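These notes concern the structure reproduced below.
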Amino acid sequence: MDIKSLAVCLYLLLVYWLSLHFPSLKSLFYPTLGAFSYLFASRSFAIKDLVRMTVGAGAASMIGTGLYIAQIGLMGFMLTVLTTFFLIKRFHLNAPPILAVSLVPYFAQPQHFWTTPIAVLATLAGLVVMLLAVQMFCALYARLRSNAADAAAKEGARTPAP
């Protein structure tokens, strides 16, 4: 198991634990977070792409929540899907979970407009920060190992053979 997978597992565990123990944070844990976690951890993205996908997911969540709260029934659902498709294609957001995030309000049924978008943005921002921290840790660890190996090689070169 690589360190990114372990970090994602621990992050999802933390978010789930928070949602279980604090009723006001129940909306933090949603199934699509697992899909985003796997997507972000399994591929290599530039930070700007991660930020774009996070912002896109937040926007899609706002669209879905707004149309759900407007209580226009199936029309709202259809507009959510079509608008999210447009958003994904227009901004080249190669992240299918964005569509799923836009539909979260239709099964979570939030009471307030801000609940779902804030939860989506907070959890995805936390995921991105955690993955960047893991990436920086891995790079630092590799550099330290490389420096230690170089130092050992130099020391071996200076020591005369018996």
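The opening position of the sequence shown corresponds to residue 438 in the working numbering, with each subsequent residue numbered one higher.
Yeah, the Cβ is synthetic: ideal placement off N, Cα and C, and Gly gets one too.
Model, not experiment: these values are computed from the prediction.
Report the rounded CA-to-CA distance for residue i versus residue j, giving the unit in angstroms.
{"i": "valine 541", "j": "threonine 553", "result": "8 Å"}
{"i": "lysine 526", "j": "serine 583", "result": "42 Å"}
{"i": "serine 461", "j": "serine 481", "result": "34 Å"}
{"i": "isoleucine 440", "j": "alanine 559", "result": "22 Å"}
{"i": "isoleucine 484", "j": "tyrosine 505", "result": "31 Å"}
{"i": "alanine 570", "j": "alanine 545", "result": "31 Å"}
{"i": "alanine 589", "j": "methionine 567", "result": "33 Å"}
{"i": "proline 547", "j": "phenylalanine 574", "result": "37 Å"}
{"i": "leucine 443", "j": "glycine 563", "result": "15 Å"}
{"i": "tryptophan 551", "j": "isoleucine 509", "result": "18 Å"}
{"i": "phenylalanine 523", "j": "phenylalanine 459", "result": "36 Å"}
{"i": "leucine 447", "j": "arginine 489", "result": "24 Å"}
{"i": "proline 468", "j": "leucine 511", "result": "22 Å"}
{"i": "lysine 463", "j": "tryptophan 454", "result": "10 Å"}
{"i": "alanine 586", "j": "leucine 457", "result": "46 Å"}
{"i": "methionine 515", "j": "leucine 536", "result": "12 Å"}
{"i": "valine 452", "j": "tyrosine 543", "result": "21 Å"}
{"i": "leucine 449", "j": "glutamate 592", "result": "45 Å"}
With distances taken from CA atoms, which of the options is nearest residue i?
{"i": "glutamine 572", "options": "Thr521, Ser479 and Gln508", "result": "Ser479"}
{"i": "threonine 502", "options": "Val518, Val488, Arg489 and Phe466", "result": "Val518"}
{"i": "valine 557", "options": "Ala507, Ala497 and Leu443", "result": "Ala497"}
{"i": "leucine 465", "options": "Met512, Ala507, Leu516 and Val538", "result": "Val538"}
{"i": "valine 445", "options": "Tyr467, Phe477, Pro468 and Ala586", "result": "Phe477"}
{"i": "aspartate 486", "options": "Leu561, Leu447 and Ala586", "result": "Leu561"}
{"i": "histidine 549", "options": "Gly513, Ala507, Val565 and Met515", "result": "Ala507"}
My understanding is that residue i touches residue j, with C-beta atoms under 8 Å, so please give their C-beta distance in whole angstroms.
{"i": "threonine 521", "j": "isoleucine 500", "result": "7 Å"}
- Message: Counting beta carbon pairs with one atom in the region 486-506 and one in the region 575-589, are three or more of them shorter than 8 Å?
- Response: The region 575-589 makes no contact with the region 486-506, as fewer than three CB pairs between them are under 8 Å.
- Query: Any contact of the region 466-476 with the region 520-537, i.e. 3+ C-beta pairs under 8 Å?
  - Reply: The region 466-476 is in contact with the region 520-537.
- Task: Write down every uninterrupted run of the alpha helix (DSSP H) in the region 442-510 whose length is 4 residues or greater and which is fully enclosed by it, in chain order.
- Result: Assignment of alpha helix (DSSP H) within the region 442-510, counting only whole runs of 4 or more residues, yields 469-479 and 484-506 in chain order.
- Kindly provide the ranges of any alpha helix (DSSP H) runs that are 4 or more residues long and lie completely inside the region 524-555, ordered along the chain. If we require 4 residues or more, the alpha helix (DSSP H) runs fully inside the region 524-555 come out as 534-539 and 541-545.
- Query: What are the complete beta strand (DSSP E) segments, minimum 3 residues, inside the region 555-599?
  - Reply: Those beta strand (DSSP E) runs which fall completely within the region 555-599 and span 3+ residues do not exist here.
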